[in-house]
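To start, the structure under review is shown below, and the notes come after it.
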Ligand SMILES: [Fe+2]
Ligand SMILES: [Fe+2]
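Numbering (this note's numbering), first residue to last: 2 to 172.
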């Protein structure tokens, strides 16, 4: 197998394992989220993530490669961190706990954005246009999720910054 094709397949196997882990982790994140909009965002991204698994499987088929998952240690670590935030969050107030969940989730999205970005470029380079298109679709959803998480964290940050002090400044 040519070098770039081999790289593409191997890295896709890594991402497949990453996405499979997220299919299991996202329901826990949704359950732990206290703010309803954040809960919804995790649930929506769970559905999208199931689609990411399907797209990867389609991409393997297009490449004539086996859809085999290879242990993704990076995502294992990130999911573990997320799990810690969930556990610690049980003793925290809503804002502190939700912001910690957003932080963990954005690390995950950035990991995925990095992975899909690289692979799309590799797929384009070797002329696998259809594969590149599938990877780009998922990439766009990861980027959208990252932006949505930033948007959802803004009011929480505002609230966490403490309104009483702002009133004092005005007086
Ligand atoms: Fe994903
Ligand atoms: Fe994602």
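Don't be surprised by glycine CBs; every beta carbon is placed ideally from N, CA and C.
No experiment lies behind these values; they were computed from the predicted model shown.
Short of 7 angstroms in beta carbon distance, which residues of its chain neighbour residue i, apart from the five on each side in sequence? Order them along the chain.
| i | result |
| --- | --- |
| residue 8 | 123 |
DSSP state of residue i, grouped into three classes?
| i | result |
| --- | --- |
| residue 145 | helix |
| residue 129 | coil |
| residue 94 | coil |
| residue 2 | coil |
| residue 162 | coil |
| residue 155 | helix |
Give me the residue from the options with the minimum Cα distance to residue i.
| i | options | result |
| --- | --- | --- |
| residue 86 | 107, 64, 20, 137 | 107 |
| residue 116 | 15, 3, 95, 6 | 15 |
| residue 102 | 160, 159, 79 | 79 |
| residue 25 | 147, 48, 13, 3 | 48 |
| residue 112 | 12, 5, 154 | 12 |
Quick one: what's got a C-beta closer than 8 angstroms to residue i's C-beta in the same chain, skipping five residues either side?
| i | result |
| --- | --- |
| residue 18 | 70, 71, 72, 73, 76 |
| residue 155 | none |
Taking the Cβ atom as the reference point for each residue, do residue i and residue j lie within a distance shorter than 8 angstroms?
| i | j | result |
| --- | --- | --- |
| residue 58 | residue 68 | yes |
| residue 43 | residue 60 | no |
| residue 1 | residue 95 | In this structure the chain extends from 2 to 172, so residue 1 is not present and cannot be described. |
For this session: Run through the region 16-78 for me and flag every whole alpha helix (DSSP H) of 4 or more residues, listed as ranges in chain order.
Result: Fully enclosed alpha helix (DSSP H) runs of 4 or longer: 37-64.
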